[in-house]
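The structure under discussion appears below in the form of structure tokens.
Numbering (the working numbering), first residue to last: 115 to 238.
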């Protein structure tokens with residue numbers, strides 16, 4: 115009976131851990147613009163920094179240990195830009211995007227690149 119209880123507890127812990135890995139980290143305040151970033155591979159990432167004209171939010175490698183999604187929320191008031199930078203052991207990569215009230219950009223990253231998941235992502 116003790117082996118069955120132990121097995122049940124271990125399975126429960128594994129299930130809860132798996133559920134938490136998809137839980138997103140929510141940073142910033144506001145609802146005008148919501149940027150969602152999927153961290154595809156955390157290896158080598160030291161921190162991820164989101165920045166607007168009035169705000170900087172940082173997610174550390176420690177924060178990423180249990181989560182693979184970041185949601186950055188902020189108020190824009192009108193049009194503007196935001197930047198996201200991924201700092202890794204070997205490099206820093208950044209992306210700056212235009213935003214307006216109501217925008218919901220979707221990104222994915224690893225330690226080597228930041229890509230848009232939106233079909234409207236056009237490079238000029």
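Just so it is clear, CB atoms sit at the ideal spot from N, CA and C, and this is done for glycine as well.
All values derive from a computational prediction rather than experimental measurement.
8 Å CB neighbourhood of residue i in its chain, flanking five on each side removed
i           : result
residue 137 : 180, 181, 183
residue 201 : 159, 160, 161, 162, 163
Beta carbon of residue i nearer than 8 Å to that of residue j
i           : j           : result
residue 223 : residue 139 : no
residue 162 : residue 198 : yes
residue 196 : residue 214 : no
residue 190 : residue 149 : no
residue 156 : residue 178 : yes
Cross-strand partners of residue i (DSSP beta bridge)
i           : result
residue 202 : 159
residue 211 : 196
residue 186 : 141, 149
Local Cβ density within 10 Å of residue i, reported as buried at 16 or more and exposed below that
i           : result
residue 231 : exposed
residue 221 : buried
residue 174 : exposed
residue 142 : buried
Neighbourhood of residue i by C-beta, 6 Å cutoff - its chain only, sequence neighbours within 5 removed
i           : result
residue 164 : 171, 186, 198
residue 166 : 188, 196
residue 209 : 198, 228
residue 218 : 148
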